[in-house]
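Asks: So for the sequence shown, full-length UniProt numbering puts the first residue at 1; every next one is plus one. To start, I am sharing the structure in question, which I have written as structure tokens.
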Amino acid sequence: MSPRRREILSAATTVLARSGNRGLTHRAVDRAAGLPEGSSSAYFRTRDALLGALGKFVADRLAADVAALGTRLACCPGDHERAVAEVSTLFSQWLEQPDLLAARLELTVAATRDARLAERFTQWREDLVGMVRDVLADAGNDPGSAEALVAALDGVLLASLLLPPDRRGAFVASSVDLLLAGFDPGQGQG
């Protein structure tokens, strides 16, 4: 991806997060990026093209983080403390980028009305659930609970966005510990 496209999509992430789906316009993206009017439409001709590219951009950024998490967890199956620490660290990193998370939530809602966007986010979620399923199976836990665990952890992220920043870390760590312990019957809360 060219640096200019990345710059435009980063600005679009911010616009979507702060102004919602209706606020995502080429003009707003140009202003947020500090570019001359018409710049973003030269790269993404229509709003649908911009929204589709933004969906891929956000999903790819999150997918790379999730893949790295899966690699780190694969080396230590069944290590509850390590899993809590790794997931909590990733969530904390994401919470330091609230625009990325808010944009993902906006895109997820938009995907309920847009089949092409839904395809992108359905694939991302299936990949995420698959990684969690593998981690659970490697640790000797029920891989069938991966979908529920992903949904519960998604709720932790959403709830965290509503907390003051200084309370997020403790909330994430305790919630992740509680959830992972609940999916590993042999594990008590740490």
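C-beta atoms are modelled at their ideal positions from N, C-alpha and C, and glycine is treated no differently.
In this structure, does DSSP put glutamate 147 in helix, strand or coil?
Replies: Numbered from its first residue, the sequence shown carries residue 147 at position 147. Here glutamate 147 sits in helix by DSSP.
Asks: Looking only at its chain, what residues have a beta carbon closer than 6 Å to the beta carbon of aspartate 99, apart from the 5 residues adjacent to it on each side?
Replies: By one-based count along the sequence shown, residue 99 stands at place 99. Thr13, Thr14 and Ala17.
Asks: Pick from Gln97, Phe121, Phe183 and Met131: whose alpha carbon is nearest that of proline 165?
Replies: To locate residue 165, count along the sequence shown from 1; it is residue 165. The option with the nearest alpha carbon to proline 165 is Gln97.
Asks: Can you look up glutamine 121 in the DSSP assignment and give me helix, strand or coil?
Replies: Working through the sequence shown from its first residue, we reach residue 121 at position 121. Strictly speaking, residue 121 in this sequence is phenylalanine, with glutamine absent from that position. In the structure shown, phenylalanine 121 sits in a helix (DSSP, three-state: H, G or I).
Asks: What do you get for glutamine 189, buried or exposed, if any count of 16 or more other CB atoms within 10 angstroms of its CB means buried?
Replies: Position 189 of the sequence shown, counted from the start, is the residue given in the question as residue 189. Legend: pLDDT at glutamine 189 = 45, less than 50; position of this residue unreliable, no value from coordinates given.
Asks: To the nearest angstrom, how far is it from the Cα of alanine 103 to the Cα of valine 58?
Replies: The residue you call residue 103 lines up with position 103 of the sequence shown. The residue you call residue 58 lines up with position 58 of the sequence shown. Approximately 8 Å, taken between the alpha carbons.
Asks: State the CB to CB distance for the pair alanine 146 and leucine 136, rounded to an integer number of angstroms; the pair is presumed to be in contact (CB under 8 Å).
Replies: On the sequence shown, position 146 is the one that residue 146 refers to. On the sequence shown, position 136 is the one that residue 136 refers to. Indeed they touch by this definition, with Cβ atoms about 6 Å apart.
Asks: Ordered along the chain, which non-local residues of its own chain (more than five positions away) have a Cβ less than 6 Å from that of serine 39?
Replies: Locating residue 39 in the sequence shown gives position 39, where the first residue counts as 1. Correct list, in chain order: Asp30.
Asks: Exposed or buried, valine 87, counting other C-beta atoms within 10 Å across all chains shown (16 or more means buried)?
Replies: Translated into positions along the sequence shown, residue 87 becomes position 87. Here valine 87 is buried, its C-beta having at least 16 other C-beta atoms within 10 Å.
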